[in-house]
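In terms of the numbering used here, the sequence shown opens at residue 231 and continues consecutively.
Idealized CB from N, CA, C, for every residue including glycine.
Working notes for the structure below.
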Amino acid sequence: MEPVHQSVLVSEVLEFLAPDDTDRLVIDATVGEGGHSACFLQRFPGIRVIGIDADQVMLERARQRLEEFEGRVELVNEWFDTYFGAAPSAVRPNRILMDLGVSMYHFTKAARGFSFREDEPLDMRLDAGGPLGDRTETAADLVNTLREPDLADLIYQFGEERLSRRIAAAICRERDSRPFRTAAQLADIIRGAVPSSYRHSRIHPATRTFQALRIAVNSELDRVKRAIPAALEMLSPAGRLGIISFHSLEDRIVKHSFRDAAGTGPYRLLTKKPVTASDEERVSNSASRSAKFRVIERVAS
């Protein structure tokens, strides 16, 4: 299997999250296609990895990629916040990695409407590849049913889109005659709703709205808020939690959660400022350009 996604900040992750002994447990809480996990397993031959992903399709891709490490890998189909909240007390990882970015596979291969450049069903469920997705609203449900003020607020809060009210109004006018079914249909309406100067800006005018809908559909920010304290509680003494975020909403949660934990509990920050990609990686892997990596350590008792 040829991986679609290129993992970011691999060298930095392996440096900060190098296990402190050979027989250690590492949790890759967003295993995706297994890129970071494969690097851990290759670099540190004695460790075990638990890889978690809400998407069953991604887990199968990870299973194929990691098959050479059979016996050292356990893959779990679950949301990371749910796993951390319900994991047995005996599970005490030495290192936890959470890469909050959406896999390139979802944008280019999943056919779930993540990309505004494709004529795909407007779904956006990260867990639609298995039983977890059966209980989740789709992006089409949101744009076709939310009241206009609520839709505008969603686009503004989760997408930081300054033209949210104009975009929401255009969406609601369109859905009265033609309900939204595909990503391309939504992208076209957004493009037509914004001024011409906005249409020729650095990013596509639908980018922030699509981000907002994806975050809402998957409860992404709430999951991060729930996951961080539960993950910190799981860590073994001297254990470390590292989180890669890709936009300001995520990074703000990670930054404040880490700061609060270090101020009130047995934790210390290992990254005063976020670690970012090197100039070389920014050129070779465009997804790394917005990545920010923060690490916190549980103080050994």
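- About 5 Å separates the CB atoms of residue 501 and residue 524; that is less than 8 Å, so the two are in contact.
- By the neighbour-count criterion, in which 16 or more other beta carbons inside 10 Å mark a residue as buried, residue 467 falls on the exposed side.
- Of the residues 256, 372, 386, the one whose Cα lies closest to the Cα of residue 280 is 256.
- When Cβ pairs closer than 8 Å are counted between the two stretches, the segment 433 to 443 is seen to touch the segment 339 to 351, the count reaching three or more.
- Annotation note: the segment 395 to 424 contains no uninterrupted beta strand (DSSP E) run of length 3 or greater.
- It is roughly 26 Å from the alpha-carbon of residue 520 to the alpha-carbon of residue 350.
- A straight line joining the alpha-carbon of residue 497 with that of residue 271 spans about 26 Å.
- If you look at residue 383, you'll find it in the alpha helix (DSSP H) that goes 378 to 389.
- At a Cβ-Cβ threshold of 8 Å, residue 465 and residue 326 count as neighbours.
- Counting along the chain, the unbroken alpha helix (DSSP H) around residue 509 starts and ends at 509 to 514.
- Straight-line spacing of the CA atoms in residue 338 and residue 425 works out to 28 Å.
- Around residue 474, the same chain offers 238, 239, 243, 327, 328, 329, 330, 331, 521, 522, 523 as residues with beta carbons nearer than 8 Å, after the five sequence neighbours per side are excluded.
- Given a length threshold of 4 residues, each whole run of the alpha helix (DSSP H) inside the segment 276 to 336 is given here in chain order: 286 to 295, 310 to 316.
- For residue 259, the closest alpha carbon among the candidates 368, 311, 379, 294 is that of 311.
- Of the candidates 479, 370, 313, 527, 370 places its Cα closest to the Cα of residue 410.
- DSSP, reduced to helix, strand and coil, places residue 496 outside both helices and strands of the structure shown, so it counts as coil.
- DSSP, reduced to helix, strand and coil, places residue 433 outside both helices and strands of the structure shown, so it counts as coil.
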